[in-house]
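A.B. asks:
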Amino acid sequence: MARAPMRGAQVDAVVVGAGFGGMYMLHKLREQGFSVQGFEAGGDVGGTWYWNRYPGARCDIPSMFYSYKWSDELQRDWRWSERYAAQPEILAYASHVADRFDLRSMIAFETRVLSVTFDEAADRWAVVTDRGDEVSARWLIMAAGCLSTPRAPAIPGVETFAGPTYHTGAWPHEGVDFTGQRVGVIGTGSSGIQSIPIIADQASRLTVFQRTANFSVPARNAPLTERVIDVFWKGYDDYMGLVKGPGMGFGGNPVNAPPETAEARQARYEELWALGGAGFLAVWGNLLTSLEVNEEAASFVRAKIAEMVKDPLVAEVLGPRDHPIGTKRICVDTGYYETFNRPNVDLVNLRDTPIEGITAEGVRTSTETYPLDALVFATGFDAMTGALLSIDIRGAGGAELREAWAAGPCAYLGLAVAGFPNMFVITGPGSPSVLSNMINSIEQHVEWIIRCLGEMREADRTRIEADEAAQDTWVAHVAAVADKTLFPRAASWYMGANIPGKPRVFMPYIGAGYRRKCEEVAAAGYEGFILA
Ligand code: FAD
Ligand code: NAP
């Protein structure tokens, strides 16, 4: 879409990204009378749901919960069709929100922010885009996403492959028809696990290249009935009380301790397995702190895999053994394990026979070449920091974010970074973010930021910056809390372990009481921030 670049425009706030975070931020800013400009690299709103159009993409949190809570009317008017909505429906929801609240008028689409530079004399950010825009803003809000920088491994020879290659996180809008093709899928995280059953339905032959087996629980997806909707609304106030009160933290819930007898514990696993969904992880309060407790739950899932997969050797390879259950985002699937009973599906265990290269013909492992017509990378994202670090961010005194985060991301409450005044990050590292229902975390951050900006305006202040000492204390606390759990035992993207050379730091905050802490900080006049 051609448009003249914005040169010299001055606004109160720039918002980078128009997923659920950016959309709500823009709405709140305008509602509170701030002038705004949004920038979005994609062609429309929706973020994750705009880009991840691979077959089978759907949410892993029930749709009624994976929706905005900030407008009761919106929440009551929108009718989800399934327990776990598929990507087209979630994107339609985002589009509905944009129409209903006239959000698109504030956003420049197909525009990538390249650099942002803080001007200390003016206390303003200079924002430059790939369309030649140069916009000055007092406040800069990064809603660039935690899982928005797709990443394909640098496998030698990939460019020589004769057929098309796809990444689940940047799927073609027109869709892909694999009918009659020999397809390879590399990666068995959530994206692989969701897409593999559907691709297997279309392809003449599907070869799944698995390096690490992941735990997956059945979604038990189903159409949403009036009864389910009724139950949801009956429990809504209690749920919101929990979200807005103590939060939905992990671990350490003594009320939910495993019962003494193995029979009682098995019965509980069976009950949750039959219910389906990520709620399986709520089985015991100490699932993510006690290796022994965790191992029993993990064995239960492995036994289920062995029941579902007919070939015992294949079941063995699909059974995760290298990380405690829940220390990587649990996958929620529909028919994933059963797919390996199909005659047209093969599983290649890359632990035994690693990929050595890609040729024109297909994927070459240490023992064999697998001829393919198309290759899908379900290989994930440069999570939590990728989108921010691909922007040239320069704060006070020209400090570079890339340098400040060279040893791992540091942010106060996951919301602000010392040395980068007037910049806020939605669901940044050091906040619950990717460990939570992200829509809830997004709303909490947006509401905290808007309160802060309103109070800054009232007090006629033009600059707020995280204090380095407060940030150091918070970062140490985030690490200390994580160290008390089993999370650091997994080579996960939470730890940055999926990106060669990325510092291994547990990035999200797993502790309880996060929302309360943020509120206390604000109520104490932004304790841990320097205001000017
Ligand atoms: P995003 O939706 O990622 O939006 C960020 C936007 O910023 C993107 O559109 C991107 O193009 C844009 N952007 C980035 N950099 C720039 C730049 N430099 N210039 C301009 N624009 C830029 N979470 C859950 O809680 N439940 C789920 O069920 C769930 N399912 C998921 C399924 C998939 C396939 C994936 C990948 C993630 C899922 N998530 C889920 C996490 C999901 O990312 C969040 O729930 C939520 O959608 C994030 O919204 P956001 O606005 O913060 O970021
Ligand atoms: P992911 O969880 O990071 O999984 C990537 C997969 O690719 C892993 O199996 C990984 O194996 C494999 N891989 C990476 N590099 C490889 C290489 N060089 N050779 C072989 N295999 C390689 O990514 P994702 O599946 O896209 O999911 C990312 C996150 O997005 C999820 O955890 C979740 O938060 C969100 N998501 C949610 C849903 C949902 O259900 N709603 C769906 C998709 C995504 P290793 O483990 O060995 O590295």
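Using this note's numbering, the letters of the sequence shown correspond one by one to residues 3 to 534.
Beta carbons: idealized from backbone N, C-alpha and C, even for Gly.
This one's a predicted model, so the numbers in the text were calculated from it and none came from an experiment.
Using three-state DSSP, classify THR180 as helix, strand or coil.
C.D. replies: Sequence inspection shows Phe at residue 180; the Thr mentioned does not correspond to that position. PHE180 falls in the coil class under three-state DSSP.
A.B. asks: As an exercise, report each continuous alpha helix (DSSP H) stretch of at least 4 residues that is fully enclosed by the segment 428-488, in chain order.
C.D. replies: 440-460, 470-485
A.B. asks: With DSSP as the reference, please indicate the residues paired to THR367 in a beta bridge.
C.D. replies: As a beta-bridge residue in DSSP terms, THR367 pairs with ILE357.
A.B. asks: By alpha-carbon positions, which one of SER494, THR381, LEU142 ends up nearest to VAL507?
C.D. replies: SER494
A.B. asks: Which ranges would you report for the alpha helix (DSSP H) in the segment 290-318 if only whole runs of at least 4 residues count?
C.D. replies: Listed in chain order, the alpha helix (DSSP H) elements of length 4 or more contained wholly in the segment 290-318 are 293-310.
A.B. asks: Please tell me whether ILE466 and CYS454 are closer than 8 Å, where the distance is taken between their beta carbons.
C.D. replies: yes
A.B. asks: Can you give me the C-alpha to C-alpha distance between VAL17 and VAL38, rounded to a whole angstrom?
C.D. replies: 7 Å
A.B. asks: Please state if the CB of PRO90 and the CB of ILE201 are separated by a distance shorter than 8 Å.
C.D. replies: no
A.B. asks: Given THR131, which residues of its chain have a CB within under 7 Å of its CB, disregarding the five upstream and five downstream residues?
C.D. replies: PHE41, THR113, ARG114, VAL115, LEU116
A.B. asks: How would you write the range of the beta strand (DSSP E) that PHE41 sits in, first residue to last?
C.D. replies: 38-41
A.B. asks: Which value, in whole angstroms, describes the spacing of the CA atoms of ASP203 and GLY337?
C.D. replies: 11 Å
A.B. asks: Of the residues GLY165, ALA59, ASP135, which one's Cα is nearest the Cα of GLY171?
C.D. replies: Checked all of GLY165, ALA59, ASP135; the closest Cα to GLY171 is ALA59.
A.B. asks: I'd like to check one pair, MET8 with ASP179: are the Cβ atoms closer than 8 Å?
C.D. replies: no
A.B. asks: Tell whether a beta-carbon distance below 8 Å holds between PHE426 and ALA418.
C.D. replies: yes
A.B. asks: Relative to the ligand ADP, is the shortest distance from any of its heavy atoms to the C-beta of CYS148 smaller than 7 Å?
C.D. replies: Only the ligand FAD and the ligand NAP can be found as ligands here, which leaves the ligand ADP out of the picture.
A.B. asks: Would ASP335 be called buried (16 or more neighbouring beta carbons within 10 Å of its own) or exposed?
C.D. replies: buried
A.B. asks: Taking the continuous alpha helix (DSSP H) assigned at TYR26, which residues delimit it?
C.D. replies: 22-33
A.B. asks: Which of the three DSSP states is assigned to ALA2 in this structure?
C.D. replies: The structure shown has nothing for residue 2, since the chain only spans 3 to 534.
A.B. asks: Helix, strand or coil for GLY253? Go by DSSP, reduced to three states.
C.D. replies: Residue confidence for GLY253 is low, a pLDDT of 46 falling below 50, so the modelled location carries little weight; the figure read from the coordinates is stated next. GLY253 falls in the coil class under three-state DSSP.
A.B. asks: Return the first residue and the last residue of the alpha helix (DSSP H) that ASP104 is part of.
C.D. replies: That residue, ASP104, is in no alpha helix (DSSP H); it is neither H nor E in DSSP.
A.B. asks: Inspect the beta-carbon positions of GLY23 and ALA145 and report whether they are closer than 8 Å.
C.D. replies: yes
A.B. asks: Mapping the DSSP letters down to three states, classify GLU340 as helix, strand or coil.
C.D. replies: Judged by DSSP in its simplified three-state form, GLU340 adopts helix.
A.B. asks: Give the DSSP-derived three-state secondary structure of GLY194 in the structure shown.
C.D. replies: helix
A.B. asks: By how many angstroms is the C-alpha of GLU228 removed from the C-alpha of ALA87?
C.D. replies: 16 Å
A.B. asks: In this structure, how does DSSP classify ALA534 when only helix, strand and coil are distinguished?
C.D. replies: coil
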